[in-house]
Every structure is written in structure tokens, then in C-alpha cells.
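Q:
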Amino acid sequence: MSDADAPPPTAAAPTMPAPRDAASPVDDPRHRRTRAALTAALLRLLEREPLDAISVAALCREAGVHRTTFYAHAPNVHAFALAVFTQDLDRLTTVAVEPDAETPEHVAERYLGSLVAVLEHVAEDRAGYRALFGSTSRGVFRSALDARLRHRARLALEVWRAQGVVGAPRDDVAIAEAAAYIAGGLVGALETWALGDETDAAASAARMATLMPSWWPGSIAPPPSGR
Numbered sequence: 001m002s003d004a005d006a007p008p009p010t011a012a013a014p015t016m017p018a019p020r021d022a023a024s025p026v027d028d029p030r031h032r033r034t035r036a037a038l039t040a041a042l043l044r045l046l047e048r049e050p051l052d053a054i055s056v057a058a059l060c061r062e063a064g065v066h067r068t069t070f071y072a073h074a075p076n077v078h079a080f081a082l083a084v085f086t087q088d089l090d091r092l093t094t095v096a097v098e099p100d101a102e103t104p105e106h107v108a109e110r111y112l113g114s115l116v117a118v119l120e121h122v123a124e125d126r127a128g129y130r131a132l133f134g135s136t137s138r139g140v141f142r143s144a145l146d147a148r149l150r151h152r153a154r155l156a157l158e159v160w161r162a163q164g165v166v167g168a169p170r171d172d173v174a175i176a177e178a179a180a181y182i183a184g185g186l187v188g189a190l191e192t193w194a195l196g197d198e199t200d201a202a203a204s205a206a207r208m209a210t211l212m213p214s215w216w217p218g219s220i221a222p223p224p225s226g227r
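Just so you know, UniProt numbering puts 69 at position 69 of the sequence shown, and the rest follows in order with no gaps.
1. Cβ of Val187 within 7 Å of Cβ of Leu155?
2. If I follow the unbroken alpha helix (DSSP H) through Thr192, where does it start and stop?
3. Nearest CA to the CA of Ile182: which residue from Tyr129, Asp52, Arg126 and Tyr111?
4. Would you mind working out which of Phe80, Gly184, Leu119 and Ala174 sits nearest Ser143, comparing C-alpha positions?
5. Please return the same chain residues whose Cβ sits closer than 6 Å to the Cβ of Arg152, not counting the five positions on each side in sequence.
6. Spatial neighbours of Thr136 within its chain, please: CB distance less than 7 Å, with the 5 preceding and 5 following residues excluded, ordered by chain position.
7. Alpha helix (DSSP H) containing Gly134: first to last residue?
8. Would you mind stating whether Ala180 and Arg150 have Cβ atoms separated by less than 7 Å?
9. Let me confirm a value: Arg32 is counted as buried when at least 16 other C-beta atoms fall within 10 Å, else exposed. Which label applies?
10. Between Ala162 and Glu102, what straight-line distance do the alpha-carbon atoms span, to the nearest angstrom?
11. Within the same chain, show all residues whose beta-carbon is closer than 6 Å to that of Gly218, passing over the 5 residues directly before and after it, in chain order.
12. In three-state terms, what does DSSP make of Gln163?
13. State the DSSP-derived secondary structure class of Met212, mapped to helix, strand or coil.
14. Quick check on Asp21: does DSSP put it in helix, strand or coil?
15. Check the C-beta distance from Ser55 over to Val84 and give it rounded, since I have them as a contact under 8 Å.
16. Which residues in the same chain have their Cβ closer than 7 Å to the Cβ of Ala37, if we skip the five residues on either side of it in sequence?
17. Candidates Pro213, Arg67, Ala203 and Val166: which alpha carbon is nearest Ala117's?
18. Just to confirm before moving on: does the CB-CB distance between Leu115 and Ala205 stay below 7 Å?
19. At the level of alpha carbons, what is the spacing between His73 and Thr34?
20. Keeping to the same chain, check which residues put their C-beta closer than 6 Å to that of Ala189; ignore five residues upstream and five downstream.
21. For Ser204, which of helix, strand or coil comes out of DSSP?
22. Jot down the residue ranges of each uninterrupted alpha helix (DSSP H) in the stretch 50-93, minimum 4 residues, whole runs only, in chain order.
23. Closer than 6 Å by C-beta to Thr192: which residues in its own chain qualify, once you throw out the five before and the five after it? Chain order, please.
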């Protein structure tokens, strides 16, 4: 960390983002405005330079925010970028499911729709995702994505178990293994999408769907072209 990135001498740099306490609640309008300003500034800077080259001081200058204010949001630029991009994916990958009221095929369609939304979002903010995948925080970012997608995959697998989908894993160990396998593949696919130039999210999601296990509801065979 450079001297410019160092927090004020009266407070040591935190190793984790500041907790959401009464002093800086997320629903505080000032907190939201500052975060929005920092996010917009980060996106602008990422259009011009790699994430590893952006200091806290530079980000704060771009956003018009004091460094002491920044540290209420994150301990460093990498952590802030990680939070910004993963929170959007958290929202887009959340699929509310009612196992007793929906067919497995209908639920699978909604998961596919969620994947399309994720790909569209990544395409819109490609510079940011490319920056994270190409930075020294790549491993941390991939790990964060894997944890989130593994959780979502496990929720889907729990639905398939509750609905008695033929071939789907039944016991907890098998479900954990399947969730890890699916999440790992999706993280790699998202990185490939972010680093590429494809723009047809629906077509890409459909190709990814052909790679799902044969027992996954709505699973389809690959097209003749192999794409």
C-alpha cells in the first residue's frame, strides 16, 4: 500500500469492510450517495487504467470524497471493487422458488433467465469485471463468485430433491459435490464471457445450459454446430 493509500494515522487500516453499525448504516442517504459516487468513479477509472493501478487517493479524488469517508466503505480499492461487483451478482442470481407451486421445468427456466440477466449485466460493466479478473485480486474474486454460485446451485438442488427430480442427487454429500461442480464451471464461463467480446447473452446462456447435468430439468442437447 502506498503512502497515498494509507488510512489516517489515528486509525489503523481495517482488514475487513467496516461493520454496518448505527454510525454508518447502509440505509443512511449520505452513505448511499457516497457509495454511489465511489462506484461511479471506480467505473470511470477502470475505463482508463487497470484496477491494480488505482489508489485510494485517486479514487477519492475522482469521486470527490475524503479518504476518511472511503474507509467507512472498504479497507482498500480491491475490497471496494469486490463488494461492488459481487453485490450486483447477488441480486441477479437470487431466484425465489416455491417448490410446491412450480414444476421443475418452470423453476429451471427461471434459473436460466437469471443466468441471462447475469451475462447481460457483466457485458454492460465489462471493463470492471475484466479489471477484477485481470488483477491481483483475481483469486479472491473467483473465490467470492464460487461461494455465491455454489450457494445458489445448492438451493436449486434442494428444490430438485424436494420435487423428486429423477437422477438429481439425493443425499447431502452428493448435493454438495454437485453444487461445487456446477459453480466451478459457471465461474469459469463467466470469466470467459467477461474477457471475450460476445454480446448475445441469451445465446451464451443457452450454450451453457447444454453443459448442465442430463438430469437438470430442461437440460437440452448441444446444437449441431457444437457452439
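Virtual Cβ for every residue (Gly too), placed ideally from N, Cα, C.
A: Based on what the coordinates show:
1. Working through the sequence shown from its first residue, we reach residue 187 at position 187. Working through the sequence shown from its first residue, we reach residue 155 at position 155. Taking a C-beta distance under 7 Å as the contact criterion, Val187 and Leu155 do not qualify as a contact pair.
2. By 1-based counting over the sequence shown, the position of residue 192 is 192. DSSP places Thr192 inside the alpha helix (DSSP H), whose first and last residues are Asp172 to Leu195.
3. By 1-based counting over the sequence shown, the position of residue 182 is 182. Of the candidates Tyr129, Asp52, Arg126 and Tyr111, the one whose C-alpha sits nearest the C-alpha of Ile182 is Tyr111.
4. Stepping through the sequence shown from its first residue, residue 143 is reached at position 143. The shortest Cα separation from Ser143 among Phe80, Gly184, Leu119 and Ala174 belongs to Gly184.
5. Walking along the sequence shown from the start, residue 152 turns up at place 152. Listed in chain order, the non-local C-beta contacts of Arg152 below 6 Å within the same chain comprise Thr93, local neighbours out to five positions each way being set aside.
6. As a working note, residue 136 is residue 136 in the sequence shown. The answer, listed in chain order, is Asp52.
7. By one-based count along the sequence shown, residue 134 stands at place 134. That residue, Gly134, is in no alpha helix (DSSP H); it is neither H nor E in DSSP.
8. Numbered from its first residue, the sequence shown carries residue 180 at position 180. Numbered from its first residue, the sequence shown carries residue 150 at position 150. Going by C-beta atoms, Ala180 is nearer than 7 Å to Arg150.
9. In the sequence shown, the residue the question calls residue 32 occupies position 32. Label assigned to Arg32: exposed.
10. Here residue 162 refers to the residue found at position 162 of the sequence shown. Here residue 102 refers to the residue found at position 102 of the sequence shown. Taking the straight line joining both Cα atoms gives about 11 Å.
11. Counting from 1 along the sequence shown, the entry for residue 218 is found at position 218. Counting only Cβ-Cβ distances below 6 Å, and skipping sequence neighbours, we find Glu105 and Ala108.
12. Here residue 163 refers to the residue found at position 163 of the sequence shown. In this structure, Gln163 counts as coil in the three-state DSSP scheme.
13. Translated into positions along the sequence shown, residue 212 becomes position 212. Residue state for Met212 is assigned as coil, using DSSP reduced to three classes.
14. Locating residue 21 in the sequence shown gives position 21, counting from the first residue. Summary for Asp21: the model assigns pLDDT 38, below 50, so the residue's position carries little reliability, and this model does not support an answer.
15. For the purposes of this step, residue 55 is taken as the residue at position 55 of the sequence shown. For the purposes of this step, residue 84 is taken as the residue at position 84 of the sequence shown. Not confirmed; about 17 Å, so no contact.
16. Counting from one through the sequence shown, the residue named residue 37 turns up at place 37. Cβ within range, chain order: Ala63, Gly64 and Val65.
17. Mapped onto the sequence shown, residue 117 falls at position 117. Ala117 has its Cα closest to that of Ala203, out of Pro213, Arg67, Ala203 and Val166.
18. Residue numbering aside, residue 115 sits at position 115 when the sequence shown is read from its first letter. Residue numbering aside, residue 205 sits at position 205 when the sequence shown is read from its first letter. The criterion of a C-beta distance shorter than 7 Å is satisfied by Leu115 and Ala205.
19. Reading the sequence shown from its first residue, position 73 is the one you call residue 73. Reading the sequence shown from its first residue, position 34 is the one you call residue 34. Thr34 has its alpha-carbon roughly 9 Å from the corresponding atom of His73.
20. Here residue 189 corresponds to residue number 189 of the sequence shown, with the count starting at 1. Non-local beta-carbon contacts of Ala189 in its own chain, meaning distances under 6 Å to residues more than five positions away in sequence, involve Met208 in chain order.
21. Residue numbering aside, residue 204 sits at position 204 when the sequence shown is read from its first letter. Helix, per DSSP.
22. As far as the stretch 50-93 is concerned, its whole alpha helix (DSSP H) runs of at least 4 residues are 56-63, 67-70 and 77-93.
23. In the sequence shown, counting from the first residue as 1, residue 192 sits at position 192. Taken in chain order, the list of residues that qualify is empty.
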